[in-house]
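Residue numbers (my numbering): 3 to 331.
Notes for the one structure printed next.
Shown next as structure tokens:
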């Protein structure tokens with residue numbers, strides 16, 4: 003058993019923003035709102051539901067593709083990917099076959115994207131009511147009712163997932179006060195969602211696509227810069243990683259080697275049972291399960307992701323506890 007480290011809150015203290023950091027973030031935030039405002043101006047004469055929900059079906063395919071990819075790059079997912087690689091090594095990226103690698107985009111490119119674009123519906127509810135999906139008899143109604151329930155539960159888990167990740171990220175850099183008996187994470191994530199809801203509700207789908215395309219410029223540039231920095235780092239032959247335990251005030255000190263950490267292997271990482279990351283010890287089976295679920299839901303068209311999202315929510319929210327690996331990495 004690797005030795006436990008009882009550091010708790012003494013390590014991973016919040017990073018303070020410099021004046022330059024604050025200016026950069028404020029400028030970016032204002033620029034996103036400006037893009038949303040421009041989209042609102044462009045859409046001011048579009049009053050039909052198709053214009054609001056689907057951009058009038060006139061947005062170019064490349065813009066939709068960029069928006070689709072960038073919309074799946076989120077703070078919570080980035081934190082989880084970082085934590086998985088830190089704790090499990092390069093093999094940690096295999097876990098992200100469940101969604102983080104966006105394998106569903108291959109299915110959209112092949113056939114489901116064309117199906118969704120040509121289908122005469124605007125919302126997911128309308129998609130499930132078309133007769134060729136489940137039929138109009140009792141069995142079809144039961145299936146649609148079950149999907150509605152799963153959609154509601156999945157939506158709640160999805161909001162919790164993004165809220166936890168977004169709130170924790172913001173409070174790492176900005177001192178957001180707690181208020182009304184609710185933690186600072188809650189108010190930080192609430193502010194982020196309010197900003198996104200603001201420009202989305204006002205301008206609809208066109209605003210969302212334009213802001214996603216704008217944000218992707220920064221996302222892809224940061225990917226390139228960070229990749230270059232990472233390639234310039236040389237890891238030592240042996241080093242230690244600290245992973246959380248179920249006791250929020252202690253961490254396991256695990257010694258590993260460069261070769262073991264860099265191996266893209268499906269073998270078990272042999273994480274001690276008192277860490278939440280022990281859930282990945284049956285590594286090969288877990289990756290195969292995620293791959294199967296991903297292929298099934300991706301091939302099922304719009305809405306097919308819901309069962310996978312429920313499974314994913316249970317296996318990703320658990321490591322995101324208060325004193326988590328992301329604060330310590």
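Idealized CB from N, CA, C, for every residue including glycine.
Note that the coordinates shown come from a computational prediction; the quantities given were computed from them, not determined experimentally.
Whether residue i touches residue j by CB criterion (9 Å)
{"i": "residue 220", "j": "residue 43", "result": "no"}
{"i": "residue 71", "j": "residue 218", "result": "yes"}
{"i": "residue 285", "j": "residue 270", "result": "yes"}
{"i": "residue 98", "j": "residue 82", "result": "yes"}
{"i": "residue 237", "j": "residue 264", "result": "yes"}
{"i": "residue 226", "j": "residue 41", "result": "no"}
{"i": "residue 289", "j": "residue 96", "result": "yes"}
{"i": "residue 173", "j": "residue 190", "result": "yes"}
{"i": "residue 57", "j": "residue 206", "result": "yes"}
{"i": "residue 292", "j": "residue 143", "result": "no"}
Inter-residue Cα distance where the pair is residue i and residue j
{"i": "residue 20", "j": "residue 27", "result": "11 Å"}
{"i": "residue 235", "j": "residue 36", "result": "38 Å"}
{"i": "residue 102", "j": "residue 296", "result": "11 Å"}
{"i": "residue 282", "j": "residue 294", "result": "17 Å"}
{"i": "residue 107", "j": "residue 278", "result": "30 Å"}
{"i": "residue 224", "j": "residue 208", "result": "25 Å"}
{"i": "residue 22", "j": "residue 176", "result": "14 Å"}
{"i": "residue 185", "j": "residue 117", "result": "43 Å"}
{"i": "residue 275", "j": "residue 228", "result": "33 Å"}
{"i": "residue 268", "j": "residue 105", "result": "19 Å"}
{"i": "residue 262", "j": "residue 149", "result": "43 Å"}
{"i": "residue 308", "j": "residue 192", "result": "Legend: pLDDT at residue 308 = 49, less than 50; position of this residue unreliable, value from coordinates given subsequently. For residue 308 and residue 192, the distance between alpha carbons rounds to 24 Å."}
{"i": "residue 158", "j": "residue 151", "result": "11 Å"}
{"i": "residue 156", "j": "residue 239", "result": "43 Å"}
{"i": "residue 109", "j": "residue 197", "result": "32 Å"}
{"i": "residue 233", "j": "residue 122", "result": "47 Å"}
{"i": "residue 253", "j": "residue 266", "result": "25 Å"}
{"i": "residue 167", "j": "residue 138", "result": "40 Å"}
{"i": "residue 171", "j": "residue 241", "result": "26 Å"}
{"i": "residue 75", "j": "residue 111", "result": "18 Å"}
{"i": "residue 250", "j": "residue 113", "result": "46 Å"}
{"i": "residue 25", "j": "residue 182", "result": "29 Å"}
{"i": "residue 180", "j": "residue 153", "result": "31 Å"}
{"i": "residue 140", "j": "residue 287", "result": "37 Å"}
DSSP state of residue i mapped onto helix, strand, coil
{"i": "residue 249", "result": "coil"}
{"i": "residue 166", "result": "helix"}
{"i": "residue 33", "result": "helix"}
{"i": "residue 345", "result": "No information on residue 345 is available, as it lies outside the stretch 3 to 331 that the chain covers here."}
{"i": "residue 243", "result": "strand"}
{"i": "residue 181", "result": "strand"}
{"i": "residue 74", "result": "coil"}
{"i": "residue 230", "result": "helix"}
{"i": "residue 310", "result": "With a pLDDT of 47 at residue 310, under the threshold of 50, the modelled position of this residue cannot be trusted; read the value that follows with caution. In the structure shown, residue 310 sits in a helix (DSSP, three-state: H, G or I)."}
{"i": "residue 19", "result": "coil"}
{"i": "residue 208", "result": "helix"}
{"i": "residue 156", "result": "helix"}
{"i": "residue 214", "result": "helix"}
{"i": "residue 274", "result": "coil"}
{"i": "residue 27", "result": "helix"}
{"i": "residue 236", "result": "coil"}
{"i": "residue 79", "result": "helix"}
{"i": "residue 97", "result": "helix"}
{"i": "residue 266", "result": "coil"}
{"i": "residue 138", "result": "coil"}
{"i": "residue 60", "result": "coil"}
{"i": "residue 124", "result": "coil"}
{"i": "residue 197", "result": "helix"}
{"i": "residue 176", "result": "coil"}
{"i": "residue 191", "result": "helix"}
{"i": "residue 105", "result": "coil"}
{"i": "residue 43", "result": "helix"}
{"i": "residue 92", "result": "coil"}
{"i": "residue 284", "result": "coil"}
{"i": "residue 186", "result": "helix"}
Residue from the options with nearest C-alpha to residue i
{"i": "residue 129", "options": "275, 116, 257 and 146", "result": "146"}
{"i": "residue 38", "options": "199, 100, 93 and 154", "result": "199"}
{"i": "residue 79", "options": "143, 169 and 282", "result": "169"}
{"i": "residue 210", "options": "24, 278 and 34", "result": "34"}
{"i": "residue 194", "options": "178, 153 and 152", "result": "178"}
{"i": "residue 165", "options": "263, 157 and 188", "result": "188"}
{"i": "residue 216", "options": "119, 182 and 32", "result": "32"}
{"i": "residue 120", "options": "24, 60 and 262", "result": "60"}
{"i": "residue 272", "options": "222, 93, 74 and 84", "result": "93"}
{"i": "residue 69", "options": "140, 280 and 222", "result": "222"}
Is the region 241 to 260 close to the region 79 to 92, with three or more CB pairs under 8 Å?
-> Touching, per the Cβ criterion.
Any contact of the region 252 to 271 with the region 60 to 67, i.e. 3+ C-beta pairs under 8 Å?
-> No, they do not touch.
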